[in-house]
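Worksheet: the structure to be examined is printed underneath.
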DNA sequence: AAGCCTCCTTAACCTTTGTTGGGAACCGGC
DNA sequence: GCCGGTTCCCAACAAAGGTTAAGGAGGCTT
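Chains as they are written, first to last, in our numbering: chain A, 1496 to 1738; chain B, 1496 to 1738.
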């Protein structure tokens, strides 16, 4: 794969979300990255593991998830091109959750060693990456609100709205349709509901002509109704460093 | 208030959770801190604000919370002595939630400017603080699982178990009883349930002789049953840097 | 083309949690 | 010691979501 494409989504994201100067970009470009193709459903890192590298999503979809003792799974976040879902492993030795590719994906692996020398040598980049993990945490906070307070239909609408906004950064949600390759069971796991109920809600939003979710794609049918149902305010995504 | 006491909980926490060398400790001790007494119920920073300082909890209890458009409130985390609940504001300009003192507390305010020059001058401390925010995120992840997957009684048990473990770091959960000055309404807001249901669950755990929560205190009555109900595994707290 | 697997779909019924509305206990201030 | 507010407590009923069970559509393999 071409070197340019490997980093394009990451650089695009870091530049819009935080801002990079030429030295930062050069330093990131110099990072040694091993690119690998990953098949759908395969784990990247598992709960309890001690990773020695971080994983950049170059193309595709990954999720982080935790499984309770009683076997229920909760999806914690959905990750898209340009994101580094396990950046936290740089300073947290042990994984406290799984990272899984939910669709066939292209991943770039960057060793902790090289990331550490990058952040030590370039405090600017260190702060940009720190900020990335803080935005991650901000998304978790909103996810807590979503699961804790909103009824199921609003939860789904909110998740759709968030993903769409994040995909837009790298131009992956151009029209009113975008990719979201989760099964209904996985949507349920993300929203904290059963697959049966997820199906009910998806059907309801389809019948109400708000969004149509099928075959791994989302089509927004009614922008206004979606916004109302989702109560979506993108401030928590901190996409603009100056606001 | 004595200088020594202002930093004791923080240093104790950072040292057990991450490890500090003499230079780090000296640098932290040199931080200018303004100590203020805060009354119960008063906001420290509000959603939408642009803070210019971070807040260290020296003594007391604070919570972070978000309010939805429809007026429901979700408590995102509970913070105790030794923690810096709004550390994220160092690299996220705008608050995306509220920080509130739920009990009368002693707080220490540290300017972003002085924290920034500290982290720039001392990359070790920068990484320790980065790690603190990553642990924060790990707790959010577990909180998502709690709210998304566990039934109300388990949620409460889990929250009690977590708080107890965190309080233990600074010796604030010595016996089988500890402070948790939340009203039943606030407990409900933390668990994503109504105050009425929070009351039902609290009563149930009391009747079942598992934990007794009353007048802002928690008494653990049956260690084994609590652990079973909570499904608590403290790994996600990352309290030991070498594990 | 048959067969298998995964995912989607639906229905009937059950459980947990929310809602409403009320009363009792406690606490701080006068 | 009384008063007004908060917090706690409880019951009856309603609604959201979970459970179980089963059939159907689509894609892959053989």
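A virtual CB, placed ideally from N, CA and C, is assigned to each residue, including glycine.
Computed from a prediction, not measured in an experiment: that's the story for all the values here.
Buried or exposed: where does residue i fall if 16 or more other Cβ atoms within 10 Å of its Cβ makes it buried?
i               : result
residue 1718(A) : exposed
residue 1534(B) : exposed
residue 1644(B) : buried
residue 1508(A) : buried
residue 1556(A) : buried
residue 1683(A) : buried
residue 1657(A) : buried
residue 1497(B) : exposed
residue 1616(B) : exposed
Among residues of its own chain, excluding the 5 on either side of residue i, which ones have a beta-carbon nearer than 8 Å to its beta-carbon?
i               : result
residue 1688(A) : 1647, 1650, 1696
residue 1554(A) : 1504, 1576, 1600, 1601
residue 1699(A) : 1648
residue 1638(A) : 1571, 1572
residue 1561(A) : 1542, 1568, 1569, 1571, 1591, 1592, 1593
If you drop the 5 nearest sequence neighbours on each side, which residues of the same chain put their C-beta closer than 6 Å to that of residue i?
i               : result
residue 1626(B) : 1513
Determine, for residue i, whether the minimum Cβ-Cβ distance to residues of chain A falls below 9 Å.
i               : result
residue 1687(B) : yes
residue 1681(B) : no
residue 1651(B) : no
residue 1564(B) : yes
residue 1642(B) : yes
Taking only beta-carbon positions, decide if residue i is within less than 9 Å of chain B.
i               : result
residue 1561(A) : yes
residue 1574(A) : no
residue 1514(A) : no
residue 1691(A) : no
residue 1700(A) : no
residue 1645(A) : yes
residue 1571(A) : yes
residue 1738(A) : yes
Check for me: the beta strand (DSSP E) holding residue i runs from which residue to which?
i               : result
residue 1639(A) : Where residue 1639(A) is concerned, there is no enclosing beta strand (DSSP E), although the alpha helix (DSSP H) it sits in stretches over 1618–1644.
residue 1708(A) : 1706–1709
residue 1601(B) : 1600–1606
residue 1714(A) : 1712–1715
residue 1538(A) : 1538–1540
residue 1553(A) : 1548–1554
residue 1596(A) : 1593–1596
residue 1529(A) : 1529–1533
If I measure Cβ to Cβ from residue i and keep anything under 7 Å in the same chain, skipping five residues before and after, which residues do I get?
i               : result
residue 1720(B) : 1705
residue 1714(A) : 1671, 1672, 1706, 1707
residue 1679(A) : 1690, 1693, 1694, 1697
residue 1548(B) : 1604, 1605, 1606, 1607
residue 1511(A) : 1664, 1734
residue 1668(B) : 1659, 1662
residue 1711(A) : 1674, 1675, 1676
Tell me which residue opens and which closes the alpha helix (DSSP H) that residue i is part of.
i               : result
residue 1574(A) : Unbroken run through residue 1574(A) is the beta strand (DSSP E), 1568–1574; no alpha helix (DSSP H).
residue 1519(A) : 1517–1524
residue 1498(B) : 1498–1512
residue 1654(A) : 1647–1664
residue 1701(B) : 1690–1702
residue 1718(A) : 1718–1725
What are the residues of the segment 1618–1640 of chain A that lie near chain B, defined by any Cβ-Cβ distance shorter than 8 Å? Under the 8 Å Cβ criterion, the segment 1618–1640 of chain A contributes 1618, 1621, 1622, 1625, 1626, 1628, 1629, 1630, 1631, 1632, 1633, 1635, 1636, 1637, 1638, 1639, 1640.
Which of the residues in the segment 1584–1600 of chain A, read from start to end, lie with their CB under 8 Å from any CB of chain B? Against chain B - using a Cβ distance shorter than 8 Å - the residues of the segment 1584–1600 of chain A are 1586, 1587, 1588, 1589, 1591, 1592.
Residues in the segment 1717–1736 of chain B with C-beta within 7 Å of chain A's C-beta atoms, listed in sequence order? Closer than 7 Å at the C-beta level to chain A, one finds these residues of the segment 1717–1736 of chain B: 1726, 1730, 1731, 1733.
By the 7 Å beta-carbon criterion, what residues does the segment 1530–1557 of chain A contribute toward chain B? Listed in chain order, the positions of the segment 1530–1557 of chain A with a beta carbon within less than 7 Å of a beta carbon of chain B would be empty, since no residue qualifies.
If you measure beta-carbon to beta-carbon, which residues of the segment 1654–1682 of chain B are closer than 7 Å to chain A? Here the close residues number zero.
Relative to chain B, which residues along the segment 1606–1617 of chain A have a C-beta separation below 7 Å, given in chain order? Answer in chain order: 1615.
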